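**Student:**
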Amino acid sequence: MSVVLPAFNEEGYIRRSVDSILSQTFPDFELILLDDGSTDDTWKIMQSYQDSRIRMIQLGRVGFTKALNYGLRISRGDYIARMDADDESLPKRLERQVEFLDSQPTVSIVGTTYYRHDGLRNERYVRCFPQHDQDIRRALGLYIPICHGSVMFRKVVIEKVGGYNESLSDLEDLELWLRAAPHFRFANLGPPPLHVYWFDPKHSYFQSMHGSYRRVRQSIRLNGRAIRQLNLPKHYYALLGAKVLYYALLPNRLKRMARRLVAGATESPWPGTGLAAELPAHENAHE
Numbered sequence: 001m002s003v004v005l006p007a008f009n010e011e012g013y014i015r016r017s018v019d020s021i022l023s024q025t026f027p028d029f030e031l032i033l034l035d036d037g038s039t040d041d042t043w044k045i046m047q048s049y050q051d052s053r054i055r056m057i058q059l060g061r062v063g064f065t066k067a068l069n070y071g072l073r074i075s076r077g078d079y080i081a082r083m084d085a086d087d088e089s090l091p092k093r094l095e096r097q098v099e100f101l102d103s104q105p106t107v108s109i110v111g112t113t114y115y116r117h118d119g120l121r122n123e124r125y126v127r128c129f130p131q132h133d134q135d136i137r138r139a140l141g142l143y144i145p146i147c148h149g150s151v152m153f154r155k156v157v158i159e160k161v162g163g164y165n166e167s168l169s170d171l172e173d174l175e176l177w178l179r180a181a182p183h184f185r186f187a188n189l190g191p192p193p194l195h196v197y198w199f200d201p202k203h204s205y206f207q208s209m210h211g212s213y214r215r216v217r218q219s220i221r222l223n224g225r226a227i228r229q230l231n232l233p234k235h236y237y238a239l240l241g242a243k244v245l246y247y248a249l250l251p252n253r254l255k256r257m258a259r260r261l262v263a264g265a266t267e268s269p270w271p272g273t274g275l276a277a278e279l280p281a282h283e284n285a286h287e
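As structure tokens, this is what we get:
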């Protein structure tokens, strides 16, 4: 199987991400590192690794989706796992996902439960998205019910529907899932979490994205497309209207309360024991 990891100016994060993949209990993979024209020491850090499972390519500044598609084209595995350069995967992530796809031949796209450290909202929690195909399809009309950085899919998905839409600067994952939906089934692995999503709005590909309404408009458009394409209930359109009001009018305190009402079923507190208790030690990398 192949792990595709693009990076742009991730010198403060890339080592943590790569190390978490090299420490997986499932050993039979290739890790494709793609430097998307970084101007810091990201490429130098990539080159410091001597593991034979790593393939590293230095690209010009082509952008996130083009870098992803390049990695998909050169991948050799029948399964492809995504990995973000500032996240980390817990040791059994790949093992659990490979076992699931091996045992569930009718499912082609599988995400995981994950820890989310949200620097934008100053929140930490565990997110467990819907686990079954029909529930995931319904959720596509409201939000993105698969963590992109923790997803694994069969290569046949890309061969069937093509790669990521390179005209999109964000939400390329949601658009891909909508093209895949007529042909393939989805799943998410339930707890325990297998991935840590560190979101810092001040760096990387997402630096100029959050805080703008461009992403909101794109999200509304794609969620609306999901409602039509998947024949979801008409009242979902009203929920999308509420989503516009949420972003446009509500102060941050009320936004948090409203989001909890919608997403509360997918979230639980960040535990204070075990691995999760140790994770805040990594926060120094974000300072």
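For the sequence shown, UniProt numbering begins at 1 and goes up steadily by one. Virtual Cβ for every residue (Gly too), placed ideally from N, Cα, C. Keep in mind that this is a model prediction, so the values were computed, not measured.
Under the assumption that Y143 contacts P193 (Cβ atoms under 8 Å), give the Cβ distance between them as a whole number of angstroms.
**Tutor:** That pair is no contact at about 18 Å.
**Student:** Is it the case that the segment 57-77 contacts the segment 126-139, given that we only count it when at least three CB pairs across the two stretches are under 8 Å?
**Tutor:** no
**Student:** Compute the beta-carbon to beta-carbon distance between residue 301 and Q24, rounded to the nearest angstrom, for a pair I have assumed lies under 8 Å.
**Tutor:** Since the first and last residues shown for the chain are 1 and 287, residue 301 lies out of range.
**Student:** Taking all protein chains shown into account, do 16 or more other C-beta atoms lie within 10 angstroms of the C-beta of A238, making it buried, or fewer, making it exposed?
**Tutor:** exposed
**Student:** Let me check understanding here. Comparing Cα to Cα, which of E30, L245, A67 lies closest to S75?
**Tutor:** E30
**Student:** With a threshold of 16 other CB atoms inside 10 Å of the CB of V157, please say whether the residue is buried or exposed.
**Tutor:** buried
**Student:** Given that a residue counts as buried once 16 or more other Cβ atoms are within 10 Å of its Cβ, and exposed if not, what is H148?
**Tutor:** buried
**Student:** What does a CB cutoff of less than 6 Å around E123 pick up in its chain, not counting 5 residues either side in sequence?
**Tutor:** none
**Student:** Beta-carbon within less than 7 Å of Y49's beta-carbon, same chain only, minus the 5 sequence neighbours each way: which residues are those?
**Tutor:** V18
**Student:** Sort K160, Q229, V216 by Cα distance to G241 and report the nearest one.
**Tutor:** Residue V216 is the option with its Cα nearest to G241.
**Student:** In terms of residue numbering, what span does the beta strand (DSSP E) encompassing R185 cover?
**Tutor:** Counting along the chain, the beta strand (DSSP E) containing R185 begins and ends at 185-189.
**Student:** Per DSSP, what are the beta-bridge partners of P6 in this structure?
**Tutor:** L34
**Student:** Can we say the segment 183-200 touches the segment 104-115, given the rule of at least three CB pairs closer than 8 Å?
**Tutor:** yes
**Student:** Taking all protein chains shown into account, do 16 or more other C-beta atoms lie within 10 angstroms of the C-beta of Q97, making it buried, or fewer, making it exposed?
**Tutor:** Buried, since its Cβ has 16 or more Cβ neighbours within 10 Å.
**Student:** In angstroms, rounded to a whole number, what distance separates the CA positions of F64 and D36?
**Tutor:** 7 Å
**Student:** In terms of residues, what are the limits of the alpha helix (DSSP H) holding Y70?
**Tutor:** Counted as a single uninterrupted DSSP element, the alpha helix (DSSP H) harbouring Y70 occupies residues 64-74.
**Student:** According to the Cβ coordinates, are L94 and F26 closer than 8 Å?
**Tutor:** yes
**Student:** Indicate whether V196 and I220 have their beta-carbon atoms separated by less than 8 Å.
**Tutor:** no
**Student:** Under a CB-based cut-off of 8 Å, is H235 close to chain B?
**Tutor:** The structure shown contains no chain B; it holds only a single protein chain.
**Student:** Of all the options H183, H235, K66, which has the alpha carbon lying nearest to the alpha carbon of E166?
**Tutor:** K66
**Student:** Just checking my contact of S89 with I146 at CB under 8 Å: how many whole Å lie between their CB atoms?
**Tutor:** About 15 Å separates the two Cβ atoms, so there is no contact after all.
**Student:** Considering only the alpha carbon of each residue, which of K160, Q134, L174 lies closest to V151?
**Tutor:** L174
**Student:** Over the uninterrupted alpha helix (DSSP H) stretch that includes F100, give me the two end residues.
**Tutor:** First-last of the alpha helix (DSSP H) with F100: 93-103.
**Student:** I need the boundaries of the beta strand (DSSP E) containing Q58, first residue and last residue.
**Tutor:** 54-59
**Student:** Check for me: the alpha helix (DSSP H) holding I136 runs from which residue to which?
**Tutor:** 133-139
**Student:** For residue 292 and R228, what's the separation of their Cα atoms in angstroms?
**Tutor:** Limits of the chain in this structure are 1 at one end and 287 at the other, which puts residue 292 out of reach.
**Student:** Using only alpha-carbon positions, find the residue among S169, M56, H132, S108 that is nearest to V3.
**Tutor:** Of the candidates S169, M56, H132, S108, M56 places its Cα closest to the Cα of V3.
**Student:** If you measure between the beta carbons of A187 and H132, is that distance less than 8 Å?
**Tutor:** For A187 and H132, yes; Cβs fall inside 8 Å.
**Student:** Leaving out the 5 sequence neighbours to the left and right, which residues in its chain are closer than 7 Å to I54 when beta-carbon positions are compared?
**Tutor:** Apart from the 5 residues on each side of it in sequence, I54 sits with its Cβ closer than 7 Å to the Cβ of L31, L33 in its chain, given in chain order.
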